[in-house]
Each structure stands twice: as C-alpha cells, then as structure tokens.
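Worksheet for the structure shown next.
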Amino acid sequence: MATNVQKITLSPSRDIPFNKLLLSQSNVRRIKAGVSIEELAEDIARRGLLQGLSVRPVVDDAGVETGMFEIPAGGRRYRALELLVKQKRLAKTAPVPCVIREGGIAEEDSLAENIQRAPLHPLDQFRAFLALRKKGQSEEEIAAAFFVSVGVVKQRLKLASISPVLLEVYAEDGLTLDQLMAFTVSGDHARQEQVFERLKTSYDKQPYAIRRMLTEGAVRACDKRAQFIGLEVYVEAGGIILRDLFQGDDGGWLQDVALVDRLVAEKLKAEADAVAAEGWKWVEMAPDFAYGHTYGLRQLRGETVLLTAEEETCRDALQAEYDRLSTEYAEADELPEEVDARLGELETAIEALETRPITFDPLEVARAGAFVSIGHDGALRIERGYVRPEDELPVEPEVVAEDAGPHHIAAAVMGTGEAVTADAPEPEEDEGLSALSDRLMTELTSHRTLGLRQALGERPDVAFLAALHALTLKSFYRYGSDSCLELDLKSVAFSAQAPGLNDSASAAAIHARHEGWAKVLPKDSADLWEALRDWDSDSRSGLFAHVVSLSVNAVLEAWNRRPRALNHADQLARAVDLDMAAAGWKPTVDNFLGRVTKARILLAVSEAKGARVAERIAHLKKGEMAREAEALLADTGWLPEPLRGAEPAVGEDTAAQDGTTAMGEDESLEDTEDTTDISPAVATE
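Residue numbers for the sequence shown follow the numbering used here, so the first one is 9 and each next one is one higher.
Below you can see the structure in the form of structure tokens.
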C-alpha cells in the first residue's frame, strides 16, 4: 500500500519597508566575524541585497501583530542596511526582501542559518577570481570589489594557474593549502607534476621541500651573479624568474642558468675592456678568483687624487646641510619620510666625493695588470696595479749616501774591488790610508752585531719597533732586506681552495684592514723606520697585530703533520675568543654537507635541531639530504668539530699562571714546517 508523502509549505516572502524592521534578541550571533559591516554595506550598495532577511511578526501582549517585524537571522545585513540609511544612500522606507517565519523557535532559525551555511572551498574562490580576470576585470578591480588587497588577488590567481592535475588532487584533499602554495614557485605544469610524483615516494612532504625541488639548479636572485647583471637585464634577455608570492623569497630564482652565465661573461668582458683601456699590460677577468690569487705579485702604491676647490666647496655644503638636519631632528622618535630620504641622498653624495680615485705612474702601469671580478655583494671588483715577477725592473746596485755610517761605506767599498781579499796581508804602515780587508770588516762588524744584540735586549721599546719594522717590510714592500733583523714572515699558501673563501667575511675584513694600513705607510721603504718612530703606541700595536696575523698557519694537511703547531692554534683561538659562526661561516652543500657521508649530515642536523628533525630527512638520497640539511642548519650556528672552540689542555691554565711551560723537555724542539715566504701580494688578501 503506497503512502502519501506530505508536502511541505515554504514560508511566504514579501518586501517590507526598512523602517518596519528591528533586530531580535533571539539572534545567536554575538561575536563579530568575517566581513565588516562597512564592507558589507559597500557590497550591498554595489550589487544590491543578494540574500533576504528571515523575520517574524512582532505581536503585543494580546498576541496582535503590531506591523513591525523582528530579525532573528540576518542581523549583519540589517546593520549594513541601517548604515546605508544613516549615510542617506538608502531611503528609510526602501522595501527589503524578507522571508516571514511563523511558528517554531526564533533562536533555532538563527542557529540553523549560521550552522548550515557551507563555506566556499578555497579552490572555488581561486577559480572564481580567475573567471573574473578572464572576463576583463583587472586585479585592482577584483580587489576593490571583494575588499581584499591586490596581493591577495595575485595569490589567488597564482593558485588557480597551477596544473589542473594538482588542483584536482587538492580538491580531493590530497594536498594541503600550504603544499599547493609551494607549487606556485614554478609556472611549469610539467615540472609541477614531476615534483608531485617525487613527492608521492618522499617521506618529507613539507612545503619547503617542494620549493627546494622546484628550484633545483636555479640561481637565487640574491646570488652575486644575479645582482651583478641586474634582474631587469635578465628578464629583458628572455629569462624567467620563479617567484614565491606566499613567503619571502629574496627576489626569487633565475631559472635560465646558461643565460645568467652568458650575461655575466658579457658584462665582465665589457668592464675588463674598459680597464684595459687605462693602459695596463694585462687584465684577467672571472666571476670569482681564488683567495690568494695575488700571491707573488707586487702591488703598486698610487696617488690619491685630491679634491678640487669646487669639489671641496660642494662637499662642505652637503656636510653642513647633513649636520643641520641631523641636529634639527635629533630628538625625533621617527624621521619624516622626506627628511630620511634627503639624509640618505646627502650621505651618498658625500661618500661619492670622499671616495677618491687612485692614479699610478704610467711607466709602472705599462708593466702591471689588474683583476676584474664580482664582489660578494654583486658589485664590480677591480684590483689594479699588480706586477708579476717577470715584469719587474732589474735591481739596481745600492748607492751609498753621504751621511751613511763608516761600516756601510766600508762595506760598499769592499764590493768595488778596491779592498784586499781576506787572505791578503795587512797593509804596511807606509802604504798610507787604504780600504780595510774583508776579514777585518767581518771581525769588526761581528763585535758591533754582538753589541747591538746586548743593547737591544735592554730596550724592549726599540726591540718592538725593530721587529715591527722588519715584519712590515716583508708585508708591504717589494724588498724585505732593508732591516738587519733576520726575522722572517711566513704565510700559508692554500694548497686546496675552499669554496667561498675569497668572498668570506674574514677575507673581506683582512683585505680592508691591509688596505687601510697601506694607505698610511710611506711609499718608500727607506722612510719606514722614521715613520714608525713617530707613531703612537696604539698605532704600532695595531700594525704589529696585523702583520703577525698574516703569518698564522692553522691548516691541517695530510702531507704536513704539525701537531704542536695545531695545538698552539687551539690556544690562540681561545685567547682571541674565536667564534666561527659569528665570523660568518655556515654549513652549505658546497663547503661541508655535500662532501661528507649521510651519517655525518644526520648527526649535524640532530645536534642542531634534534633527533626527530633528523629522522624527517633520513630517507632522502645524499644530494637531496644535503640540500635539506643546509636549510635546516642555516641559522642555528652549528659548526663541524674542526671549527669549534677547543677545550683547554690539561695543565695549560696552571702553566699560564706560573709563567712556565706545560711541555716536557723532549717537546721543546721546534716542528719542521714546510711554509713559504709571504709576499706583499699575499698580504693584500
């Protein structure tokens, strides 16, 4: 027997004047959420009311309808209409579409309307934005229509442009929104799908892993090569930049590596040609030069071009304006934007005037050369004025000065052939005044040498000055024979070039410090002694520390075992509180992680981030594991054992307090070291 299905009857609807409506206390929404009333009012003004109100008749105590209607569901829409009425953009009697409810519970109506409302799936929103864009609306118009920023619209459009295969997976909850956002780094659908297939078999499905796989082989926009050529030039040449709209990407990734290399080579060639036009005998160019590439070369000392009277006047005017603005806004918590911009312009202009060019002797330029490369910050690096040994002029014989000491004159005469040989008999009395024999000169100067040693040992201040003079000659001048002290300054010539060594913070600091000292030292080595005598003790100590630092050799080499020297390197590191992490060293694929076993990579991550984090990458292949570890360790300060601070040796502290050595008698012998003499060229690095 068939049963009759009871038909339902929908509540009637009609237009009710706005002034006949009022809010109900039965509305369950109490907390503000979602779009603001102001934004909703603007949307209604633009599109009209898209959804009517649910109302109930208001009755008096006798149960008679009063002609007013309360709103248990739709309170936000009512407030938005009320705001438009207050703004006189909507008439008080304007008809409002309403559904009139009778019976049941008002609170139930309000709760049901809010709970049963299904939120829009994000993918539907992405596709809707894309549909509007295809129908001619600009990103700005879409943003204004939905009260979001242009950046949000760009993000939504970017998500909608992902491979349809991945969007369908996302629609079925096969990908999270964060994972989907990571895929927007690349616009290549085939590449996105390829990475997604790799992701299926990967244990680590984090968004950062997806980004890293999509950008493998690309050049970061913060890479010095990209900064050198400029992103605009790269794009104009047809290059593609991968961007991440959802998190900081330092400018993105340059996808066409071959194009980057070509543009770098072309720009370097143009810069090298300009330098060669200055008259240098040779010019070498490369994106990078190894640390110590100037080893064995003498660096010319040029003359700084002084400011002209006109330039001095301009600099003084700029400095006066800078000082006035700085004083005027000294107490301000925050500088006005235009003042801050002007101070920046003044600083740039003053620096440009005070950074003076260097001129060189044309005769020296004709036998010297220059290196053209890219600095660590992407700026052009030009190192001018290096002379190769084969291009040096022959050494001229020394000329004896008129005021030279008697031993110097006699020694010079000995070299002329006028003096008798060491085996010749002493001159007879009647032979008159003649040159001293070689043997006698040697004996006399031996006594003088011994006297100097004794006297110098009594004068620590002069001994320090003499040592500083000798070491400075070795570090900054072509010839180191202007000193009678047989002190030598040796430095390690790196047999294997560590990646990034020449661009490291330590290399830059040493180079800047060396150049700073070179500028204040006299050009002629003959004037060095008097110049150092006139310096104060702090200046002498600073220079002494610098030249001594150039001789440090803490390199461990398999063919050159020096355990005692390396132990001393540990002591020295503790004495100067060396912190290699603070000095700028970070573990990367090139300098460490890609050159050790997987076990060591996992140990490093475990030490820095914990065992659970290490487990997340344990399944990866060696190359991928190294790249993931680089990202994980980037800001942790983790260091491999050779770069960590060494623990004090047993008895070291006690020995230091007693002023004695902790070494036994059999350890007092010096290690034999295979080192090379330092040259001014090495010192410049």
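Glycine residues also receive a C-beta, built at the ideal position from the N, C-alpha and C atoms. These numbers come from a predicted model, not from an experiment.
Inter-residue spacing [alpha-carbon to alpha-carbon] between R392 and M449: Taking the straight line joining both Cα atoms gives about 45 Å.
Cβ distance (whole Å) where L185 is taken to contact I170 below 8 Å: 12 Å between Cβ atoms; not a contact.
Element boundaries [beta strand (DSSP E), containing A616]: For A616, there is no enclosing beta strand (DSSP E); the residue is part of the alpha helix (DSSP H) that begins and ends at K606 to K617.
Proximity below 9 Å, CB of L48 to CB of A88: Contact flag set, yes.
Distance between R219 and F191 (C-alpha atoms, nearest Å): Approximately 7 Å between the Cα atoms of the pair.
Among I248, S19, E205 and L267, nearest to R233 - alpha-carbon criterion: Per the Cα distances, L267.
Straight-line Cα distance separating E116 from P105: Cα to Cα, the separation comes out at about 21 Å.
Contacts around A534, its chain only, beta-carbon distance under 8 Å, and the 5 residues preceding and following it disregarded: Counting only Cβ-Cβ distances below 8 Å, and skipping sequence neighbours, we find D490.
Range of the contiguous beta strand (DSSP E) that encloses M293: Where M293 is concerned, the enclosing beta strand (DSSP E) stretches over W290 to M293.
Rounded Cβ spacing between R199 and K289 (contact assumed at less than 8 Å): Your pair R199 and K289 does not check out as a contact, with CB atoms roughly 49 Å apart and the cut at 8 Å.
Rounded C-alpha distance that separates E342 from E329: Using only the alpha carbons, I get a separation of about 19 Å.
Assumed close pair L495, A478 - CB separation to whole angstroms, cut-off 8 Å: Taking the Cβ atoms as the reference, L495 lies roughly 4 Å from A478, within the contact range of under 8 Å.
Selected residue, minimal CA-CA separation from G524, among Q145, L473 and R309: When each option's Cα is compared against that of G524, the closest is R309.
Straight-line gap, V699 to Y178 (C-alpha atoms, nearest Å): With the chain covering only 9 through 693, there is no way to say anything about residue 699.
Where Y178 falls: helix, strand or coil (DSSP): Helix at Y178.
Proximity of G653 and T596 at Cβ, strictly below 9 Å: Cβ distance not < 9 Å, so G653 and T596 don't count as in contact.
9 Å Cβ cutoff met for L580 and V563: It is not a contact, given that the beta carbons lie outside the stated cut-off.
Sequence-distant residues of the same chain with beta carbon closer than 6 Å to F134, five excluded per side: Excluding residues within five positions, the ones whose Cβ falls inside 6 Å are R164, L167 and A168.
Three-state secondary structure assigned by DSSP to T429: Caution is warranted here: a pLDDT of 45 is assigned to T429, below 50, making its placement in the model unreliable, and no coordinate value can be reported.
Rounded straight-line distance, which links the Cα of R608 to that of L333: The straight-line gap from Cα to Cα measures roughly 56 Å.
Alpha helix (DSSP H) segment containing C230, residue limits: Counting along the chain, C230 falls outside any alpha helix (DSSP H), and DSSP gives it neither H nor E.
Outcome for V291 when other beta-carbon atoms lying within 10 angstroms are tallied against a minimum of 16: So V291 ends up on the buried side.
Integer-rounded CB distance, given that M633 should sit under 8 Å from K594: With 8 Å as the limit, K594 and M633 do not qualify as a contact, their Cβ atoms being about 17 Å apart.
6 Å CB neighbourhood of S549 in its chain, flanking five on each side removed: Answer for S549: no residue qualifies.
Cut-off 7 Å between Cβ atoms - residues of its own chain near P130, not counting five sequence neighbours on either side: Around P130: L185.
Where Q307 falls, given that 16 or more other Cβ within 10 Å makes a residue buried: The residue in question, Q307, is buried, as its Cβ has 16 or more Cβ neighbours within 10 Å.
Residue from G75, I45 and S454 whose Cα sits closest to the Cα of F26: Comparing alpha carbon positions, the residue from G75, I45 and S454 closest to F26 is G75.
I518 - DSSP class collapsed to helix/strand/coil: Three-state DSSP puts I518 in a helix.
Own chain partners of S34 with C-beta closer than 7 Å, once the 5 adjacent residues on each side are dropped: The beta carbon of S34 lies closer than 7 Å to those of P80, A114, E115 and S118 in the same chain, with the five residues before and after it left out.
At least 3 beta-carbon pairs within less than 8 Å: the stretch 636-653 vs the stretch 616-625: Judged by Cβ distances under 8 Å, the stretch 636-653 makes contact with the stretch 616-625, as three or more pairs qualify.
Contact with chain C by E176, beta-carbon distance below 9 Å: No chain C appears in the structure shown, which is made up of a single protein chain.
Cross-strand partners of V394 (DSSP beta bridge): The sequence given here has Tyr at residue 394, not Val. DSSP output for Y394 lists Q307 and G377 as bridge partner(s).
Chain-order list of residues whose beta-carbon lies under 8 Å from that of D23 (same chain, five-residue window excluded): Answer for D23: P103, V104, P105 and C106, listed in chain order.
Assigned secondary structure, K15 (DSSP; H/G/I helix, E/B strand, else coil): Three-state result, K15: coil.
Other residues of its chain near F600: CB distance less than 7 Å, five sequence neighbours each side excluded: Contacts found: P648.
Pick from L551, L574, L371 and V13 that is closest to P650, judged by C-alpha positions: When the alpha-carbon of P650 is set against those of L551, L574, L371 and V13, the nearest one is in L574.
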